[in-house]
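These notes are about the structure you will find just below.
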Amino acid sequence: MAADSSLLPDSLSLNGRTFHYADIQQYPARAPQDLNGYEARVLDFCRQWLNGAQEFGLRTSGSTGKPQLVTMKRRQLEASARRTGDYFALGPGDRMLVCLNCEFVGGLMMLVRGFERNMHLTIVEPHADPLALVPAAADFDFASFVPLQLRAVLDAGHAPRLNRLKGLLVGGAAVERSLEKDLQQLRVPVYLTYGMTETASHIALRRLNGPQPSSIYQVLPGITVGQDARGCLTVRADVTLDQLITTNDRVQLLDAHSFEWLGRVDFVINSGGVKVQAEKVEQVLEVTLTELNLPRRAFVAGRPDARLGEQVTAFLEGKPLTQAQEQRVQALLAERLDKYERPRAFVYVPQFRTTASGKLDRLTTVRSLAPAPPAGR
Numbered sequence: 040m041a042a043d044s045s046l047l048p049d050s051l052s053l054n055g056r057t058f059h060y061a062d063i064q065q066y067p068a069r070a071p072q073d074l075n076g077y078e079a080r081v082l083d084f085c086r087q088w089l090n091g092a093q094e095f096g097l098r099t100s101g102s103t104g105k106p107q108l109v110t111m112k113r114r115q116l117e118a119s120a121r122r123t124g125d126y127f128a129l130g131p132g133d134r135m136l137v138c139l140n141c142e143f144v145g146g147l148m149m150l151v152r153g154f155e156r157n158m159h160l161t162i163v164e165p166h167a168d169p170l171a172l173v174p175a176a177a178d179f180d181f182a183s184f185v186p187l188q189l190r191a192v193l194d195a196g197h198a199p200r201l202n203r204l205k206g207l208l209v210g211g212a213a214v215e216r217s218l219e220k221d222l223q224q225l226r227v228p229v230y231l232t233y234g235m236t237e238t239a240s241h242i243a244l245r246r247l248n249g250p251q252p253s254s255i256y257q258v259l260p261g262i263t264v265g266q267d268a269r270g271c272l273t274v275r276a277d278v279t280l281d282q283l284i285t286t287n288d289r290v291q292l293l294d295a296h297s298f299e300w301l302g303r304v305d306f307v308i309n310s311g312g313v314k315v316q317a318e319k320v321e322q323v324l325e326v327t328l329t330e331l332n333l334p335r336r337a338f339v340a341g342r343p344d345a346r347l348g349e350q351v352t353a354f355l356e357g358k359p360l361t362q363a364q365e366q367r368v369q370a371l372l373a374e375r376l377d378k379y380e381r382p383r384a385f386v387y388v389p390q391f392r393t394t395a396s397g398k399l400d401r402l403t404t405v406r407s408l409a410p411a412p413p414a415g416r
């Protein structure tokens, strides 16, 4: 059945201003002179899409290595948008809030979904609390946040507005246990995404709230996943042009349609010949800090050690814990982790480094610090 033309948008909202599609197609000739750099880049992508461009350059986030430029075909982006639109029953006239950075795949694909499903697009520049940038009366059907934004939105009391969504995505970084717990107050289905630039955004979703939250990612229809010899996930689908993509994500593959994420293979710490998965230690550390009412961002990485090769080290953001607090944390970690998994040192960082897309940049954070002591302990 054809869509009601009265529902189809002919314009979008960007930072509170209306831009008609006919004018965007003529960008920059028919654009205001006072655009900022972000607005100009968003409108330029929209111009390309509305005028039927067939290839697009997307930057990877750089969270696990040097950012790269990836060329994607229009049909890859269309296939990804179609899959998400079908999953959440998005259609003409629905309203989408776009508050992720549109210069990376997460935000850019929100634009594509809006165009492909004839949705009304409200775009705001990335901000900790995006709902503070739109009128209080504005309602939406679909949105995607990074965890920092979702935390800020909940803390600002916007839960009732979120509950009017059809679905809510969160991605780009790990979701802390404290945030996952607070998501139980929401009725809207909240899903953690799994995907990357090379797969045109997410290819699997994990439910975070509701009566049956899960640690298992469900692969979206039409996506084929497998494992390589390292136990890392492989992906093949229309979004990869049917080419096999091999990731560095270690998974437990449960069946052809589901998997549990174990951690990055390149985040394995070799300590005294024992391989330690950093993300496992991070999860235990996060739970421990929360239980002791000491919540803060933290991650685990290896630092050079003369005796062990690499020393399991916990990096905590903010002011140092007191000696007594650190001892309590260490005592609980000793109960919950194996001998070689336990952090041998705590390093305090005033503020973690992040990538341009807002992801935690472990590598740069570690490199910005003084070298580890030369001798093991």
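The sequence shown begins at 40 in this note's numbering and counts up by one. In this text, a Cβ means the ideal position worked out from N, Cα and C, and glycines have one as well.
The C-beta distance from residue 231 to residue 245 rounds to 4 Å, short enough to fall under 8 Å. The continuous alpha helix (DSSP H) containing residue 216 extends over residues 216–221. Cα atoms of residue 111 and residue 196: separation of roughly 38 Å, rounded to the nearest angstrom. Residue 179 has its alpha-carbon roughly 11 Å from the corresponding atom of residue 132.
By the Cβ-count criterion, residue 309 is exposed, with fewer than 16 other Cβ atoms from all chains shown falling within 10 Å of its own Cβ.
Secondary structure note for residue 149: its alpha helix (DSSP H) is the uninterrupted segment 144–155. Listed as beta-bridge partners of residue 256 by DSSP are 298. Sequence-distant partners of residue 301 (beyond 5 residues in either direction) whose C-beta falls short of 7 Å from its own C-beta, in its chain, are 289, 290, 291 and 316.
Residue 332 and residue 98 have their alpha carbons spaced roughly 38 Å apart.
Checking the DSSP bridge columns, you'll see residue 344 partnered with 348. Secondary structure note for residue 404: its alpha helix (DSSP H) is the uninterrupted segment 401–406. The alpha carbon of residue 259 has as its nearest neighbour, out of 276, 287 and 344, the alpha carbon of 276. Boundaries of the beta strand (DSSP E) harbouring residue 162: 159–162, taken from the DSSP string. Here the alpha carbons of residue 91 and residue 341 stand approximately 47 Å from one another. Spatial neighbours of residue 285 in its own chain (CB-CB distance under 7 Å, excluding positions within 5 residues in sequence) are listed in chain order as 267, 271 and 273.
Taking a C-beta distance under 9 Å as the contact criterion, residue 391 and residue 377 do not qualify as a contact pair. The alpha-carbon of residue 321 is positioned some 7 Å away from that of residue 337.
Unbroken beta strand (DSSP E) stretches of 3 residues or longer found wholly inside the segment 68–115: 94–98 and 108–112, given in chain order.
For residue 134, the enclosing beta strand (DSSP E) stretches over residues 134–137. In terms of Cβ geometry, residue 145 and residue 206 do not form a close pair [threshold 9 Å].
The C-alpha of residue 124 is placed about 14 Å away from the C-alpha of residue 204. In the three-state DSSP reduction, residue 200 falls in the helix class (H, G or I).
Listed in chain order, the non-local C-beta contacts of residue 339 below 6 Å within the same chain comprise 317, 320, 321 and 353, local neighbours out to five positions each way being set aside. DSSP places residue 278 in no alpha helix (DSSP H); its state is neither H nor E. Here residue 67 is not near residue 49, since their CB atoms are 9 Å or more apart. Assignment of residue 266 by DSSP, reduced to helix, strand and coil, places it in the strand class.
In the structure shown, residue 273 falls within a strand segment according to DSSP collapsed to helix, strand and coil. Residue 380 carries a coil assignment under DSSP once its states are collapsed to helix, strand and coil. Inclusion of residue 136 and residue 189 in the CB contact set at 9 Å is not warranted, their separation being larger than that value. C-alpha of residue 295 to C-alpha of residue 262: approximately 9 Å in a straight line. In the three-state DSSP reduction, residue 306 falls in the helix class (H, G or I). Considering only 76, 218, 95 and 323, the residue with the shortest C-alpha distance to residue 236 is 95.
Our two residues, residue 52 and residue 134, have alpha carbons roughly 11 Å apart in a direct line. In the DSSP assignment, the residues bridged to residue 285 are 273. For the pair residue 247 and residue 370, the Cα-to-Cα distance works out to about 29 Å. Spanning the alpha carbons of residue 368 and residue 213 requires a straight line of approximately 21 Å.
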